[in-house]
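Input: a single structure, listed below in structure tokens.
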């Protein structure tokens, strides 16, 4: 089976490698590629049976209702909050997403950012380039033996927990659901409020929901141990920025984040003033392995739907 | 039991924390501290029964023969090549060293240096500070799934192997002796020459002996896979510098080292010209945990000798 007409919205040619475009084109009689917010969307969708949507593209009720042929909406990414999946469901239109493709990339970055910080690697490289090979003046420490708290034990959190175990840390977690497989590996469950004050490293791995927004609120922020390192590769909405700024000012915690596109410009400016707030561009998801996995899952979702055994359907 | 007179040579006051000096002083009626190459050494050693030696201090036959009371030489460090331990043995003088105190520190640094490199963290931090939060232009990759070759499975190599396993790498090793405990954890043994061409990451962990000097000779250096990352936290004597320079010039491998004090100034200059050779100061051993462990083992060696149950005796 093939689609009659695929319309891609907001997926640039360079977002997918040529071989994936080739596969996609083999799955439809016709493909039209439109940029986000193109005035042509309405016209092109009229006879489309498949929409492929890039990150941040809004597919609301109105757009879904344009085409009476529509059967499938494929999201190139994990978050599908911009797609009205519930409405699509009422019309038996499948919505699929691409989950977990960057779990490893993000989890590995957590340890890259930690070690970069606790071993002062930027300073070390700089000094070596200047010809200064002295080993004095470094306040380095180790991961082994430290309490490593993981908040949110989903795909990324689970991998972070396993890597931290390899480093010999005392790995503990709090998550909405208990994960017995990881507990069997020595990763211990603890109540969030009991765990926070014990953490030497505190890594946030919740997805953003109403329950997790503002998770590090003022009360919890104040309970973080002096000298702790907090790592946030999840959305900054989990963190109360005023409370964070207060702790940063006290200069007794280090906060490391990889800035997400959605972070408010003002918050970013406020935080970048503090030396103990280390900000990275959003590079957590950027590895060549993650890029391949993302494309693989995205295209397989389309193929599997056509074969009658849909994968990663979210509605 | 106590020593009558301890002479320390080449151990500065700041090398040990005050509490350790206090313990040492409680173990002798008298302590004299001399800098390395002090003209007073001969005179002060005449009635000494204990020498404590700092890194790089030469304790040869002539020095050992000065005192007829000498019973113990304690080395503050792992390498004891500067101490004539064999001659000391003929006079029933115990020589002790401090092994393994920095195994974790060095093993963790290996992964810090790797992730710093494959995630381009220095560039990322710099760009973020300049207000450039773009995620494009990064050629990042992951550790998971890659062939991670460990050469030398001693204390440091074993920990590096376990950490690499936590990252989900395909960890293989070559070492003089098989290590069945680690093989039981999925770390596989392979002949060095068969393993070298397969490695995506190749980490050297031999101590320097006649057998390991020049281990990465011209032939082996040429067999390293294009795109591989070689990490050397061990002495650079393991590596043929001419052969390395040739590969660096071809620009198809990355070599990361933490420069040791003994590295020749000329070699350092030659290598620092290459962008794909990342040189760090000798920070592998520098963590606060390693510093404490080093002092602990050093002082316990003295205490245990006095109690009649010597530890870490090397002769």
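Protein chains in written order, with this note's numbering: chain A, 1297 to 1611; chain B, 1297 to 1611.
Even for Gly, the Cβ is constructed at its ideal location relative to N, Cα and C.
Between the CA atoms of residue j and residue i - distance to the nearest angstrom
i	j	result
residue 1563/B	residue 1538/A	51 angstroms
residue 1399/A	residue 1372/A	16 angstroms
residue 1321/A	residue 1461/A	44 angstroms
residue 1356/A	residue 1544/B	54 angstroms
residue 1299/A	residue 1338/A	18 angstroms
residue 1425/A	residue 1416/B	17 angstroms
residue 1606/A	residue 1421/B	41 angstroms
residue 1457/B	residue 1467/B	6 angstroms
residue 1480/B	residue 1590/A	34 angstroms
residue 1303/A	residue 1409/A	39 angstroms
residue 1412/A	residue 1585/B	17 angstroms
residue 1608/A	residue 1524/A	38 angstroms
residue 1316/A	residue 1485/B	38 angstroms
residue 1333/A	residue 1472/A	37 angstroms
residue 1603/A	residue 1597/A	10 angstroms
residue 1587/B	residue 1475/A	37 angstroms
residue 1549/B	residue 1573/B	9 angstroms
residue 1497/A	residue 1328/B	43 angstroms
residue 1454/A	residue 1406/A	12 angstroms
residue 1390/A	residue 1343/A	17 angstroms
residue 1520/B	residue 1542/B	12 angstroms
residue 1477/A	residue 1478/B	22 angstroms
residue 1522/A	residue 1571/A	16 angstroms
Integer-rounded CB distance, given that residue j should sit under 8 angstroms from residue i
i	j	result
residue 1582/B	residue 1499/B	Between residue 1499/B and residue 1582/B the Cβ distance is about 19 angstroms, and since that is not below 8 angstroms, they are no contact.
residue 1459/B	residue 1463/A	6 angstroms
residue 1352/A	residue 1306/A	7 angstroms
residue 1469/A	residue 1452/A	The pair is not a contact, with the Cβ atoms about 12 angstroms apart (cut-off 8 angstroms).
residue 1528/A	residue 1510/A	About 13 angstroms separates the two Cβ atoms, so there is no contact after all.
residue 1362/B	residue 1341/B	4 angstroms
residue 1439/A	residue 1404/B	6 angstroms
residue 1577/B	residue 1554/B	7 angstroms
residue 1418/B	residue 1418/A	5 angstroms
residue 1323/A	residue 1561/A	Not a contact, Cβ separation roughly 40 angstroms.
residue 1534/A	residue 1567/A	The pair is not a contact, with the Cβ atoms about 14 angstroms apart (cut-off 8 angstroms).
Proximity winner among the options, relative to residue i (alpha-carbon distances)
i	options	result
residue 1569/A	1589/A, 1485/A, 1556/A, 1547/A	1547/A
residue 1325/A	1474/A, 1301/A, 1472/A, 1335/A	1301/A
residue 1610/A	1514/A, 1388/A, 1310/A, 1573/A	1388/A
residue 1366/A	1354/A, 1350/A, 1594/A, 1385/A	1385/A
residue 1395/A	1600/A, 1594/A, 1602/A, 1598/A	1594/A
residue 1437/B	1465/B, 1448/B, 1423/B, 1430/B	1465/B
residue 1502/A	1318/A, 1496/A, 1485/A, 1532/A	1532/A
residue 1618/A	1506/A, 1497/A, 1540/A	The displayed coordinates of chain A run from 1297 to 1611. Any statement about residue 1618/A would go beyond what the structure contains.
residue 1381/B	1319/B, 1534/B, 1360/B	1360/B
residue 1374/B	1392/B, 1362/B, 1383/B	1392/B
residue 1331/A	1350/A, 1565/A, 1319/A, 1323/A	1350/A
residue 1397/B	1580/B, 1354/B, 1604/B	1580/B
residue 1376/B	1358/B, 1592/B, 1364/B, 1348/B	1348/B
residue 1516/B	1506/B, 1487/B, 1504/B, 1505/B	1487/B
residue 1494/A	1504/A, 1478/A, 1444/A	1444/A
residue 1601/B	1336/B, 1506/B, 1401/B, 1345/B	1345/B
residue 1441/B	1406/A, 1401/A, 1414/A, 1542/A	1401/A
residue 1449/B	1530/B, 1429/B, 1378/B, 1522/B	1530/B
residue 1489/B	1477/B, 1518/B, 1478/B, 1506/B	1518/B
residue 1311/B	1319/A, 1423/A, 1432/A	1432/A
CB contact below 9 angstroms: residue i versus chain C
i	result
residue 1532/B	Reference to chain C is not applicable here, since the protein chains of this structure are A and B.
Item checked: Segments of 3+ residues assigned as beta strand (DSSP E) that fall wholly inside the segment 1472-1546 of chain A -> Within the segment 1472-1546 of chain A, complete beta strand (DSSP E) segments of at least 3 residues are found at 1497-1500, 1525-1528, given in chain order.
Next item on the list: Check distances from the C-beta atoms of the segment 1541-1563 of chain A to those of chain B and list, in chain order, the residues that come in under 7 angstroms.
Entry: For the segment 1541-1563 of chain A, the set of residues with a beta-carbon nearer than 7 angstroms to any beta-carbon of chain B comprises 1555, in chain order.
Item checked: Contacting positions in the segment 1493-1507 of chain A - beta carbon closer than 7 angstroms to chain B -> So the list is empty, because no residue satisfies the distance condition.
Checklist line | the segment 1429-1445 of chain B: positions lying closer than 9 angstroms to chain A by Cβ | finding: Cβ contacts with chain A come from 1429, 1430, 1431, 1432, 1434, 1435, 1436, 1437, 1438, 1439, 1440, 1441.
Next item on the list: Output the residue ranges of the beta strand (DSSP E) runs that lie fully inside the segment 1345-1401 of chain B and measure 3 residues or longer, sorted by chain position.
Entry: Correct list: 1346-1349, 1368-1371, 1390-1392.
Checklist line | Near-chain A residues of the segment 1514-1529 of chain B - C-beta to any C-beta below 8 angstroms | finding: Answer set for the segment 1514-1529 of chain B: empty.
Notebook entry, point to check: Going along the segment 1395-1406 of chain A in order, which residues come within less than 7 angstroms of chain B, judged by CB to CB distance?
Noted result: Cβ contacts with chain B: 1400, 1401, 1404, 1405.
Note to self: To test your reading of the DSSP string, which unbroken alpha helix (DSSP H) runs of 4 or more residues are found completely within the segment 1581-1607 of chain A?
What the structure shows: Those alpha helix (DSSP H) runs which fall completely within the segment 1581-1607 of chain A and span 4+ residues are 1584-1602.
Item checked: Whole runs of the alpha helix (DSSP H) within the segment 1297-1324 of chain B, excluding any shorter than 4 residues -> Within the segment 1297-1324 of chain B, the complete alpha helix (DSSP H) segments of 4 residues or longer fall at 1314-1322, listed in chain order.
Note to self: Tell me which residues of the segment 1582-1598 of chain A have at least one Cβ-Cβ distance to chain B shorter than 7 angstroms, keeping chain order.
What the structure shows: Cβ contacts with chain B: 1582, 1583, 1584, 1585.
Margin query: Quick check for students: name the residue ranges of the alpha helix (DSSP H) that lie wholly in the segment 1412-1456 of chain B, counting only runs of 4 or more.
Written below: DSSP runs (the alpha helix (DSSP H)) wholly in the segment 1412-1456 of chain B: 1417-1425.
Margin query: Under 7 angstroms, CB to CB, which of the residues in the segment 1412-1423 of chain B have a partner in chain A?
Written below: Per Cβ criterion, the list reads 1412, 1415, 1417, 1418, 1420, 1421, 1423.
Margin query: Residues of the segment 1453-1467 of chain B in Cβ contact with chain A at a cutoff of 9 angstroms, in chain order, please.
Written below: Flagged, chain order: 1455, 1458, 1459, 1460, 1461, 1462, 1463, 1464.
Next item on the list: For the segment 1465-1492 of chain B, enumerate the residues whose C-beta is nearer than 9 angstroms to any C-beta of chain A, in chain order.
Entry: Listed by position, the residues of the segment 1465-1492 of chain B near chain A (Cβ gap below 9 angstroms) amount to none.
Next item on the list: Could you run through the segment 1565-1580 of chain A and flag, in chain order, every residue whose CB is less than 8 angstroms away from some CB of chain B?
Entry: Those residues of the segment 1565-1580 of chain A that come within reach of chain B (Cβ to Cβ, closer than 8 angstroms) are 1568, 1574, 1575, 1576, 1577, 1578, 1579.
Next item on the list: Determine which residues of the segment 1302-1313 of chain A have a Cβ less than 7 angstroms from any Cβ of chain B, and write them out in chain order.
Entry: Among the residues of the segment 1302-1313 of chain A, none has a Cβ less than 7 angstroms away from any Cβ of chain B.
Next item on the list: Identify each residue in the segment 1335-1367 of chain B for which the Cβ-Cβ distance to at least one residue of chain A is less than 7 angstroms, and report them in chain order.
Entry: So nothing in the stretch comes that close.
Next item on the list: Identify each residue in the segment 1370-1399 of chain B for which the Cβ-Cβ distance to at least one residue of chain A is less than 7 angstroms, and report them in chain order.
Entry: Those residues of the segment 1370-1399 of chain B that come within reach of chain A (Cβ to Cβ, closer than 7 angstroms) do not exist; the list is empty.
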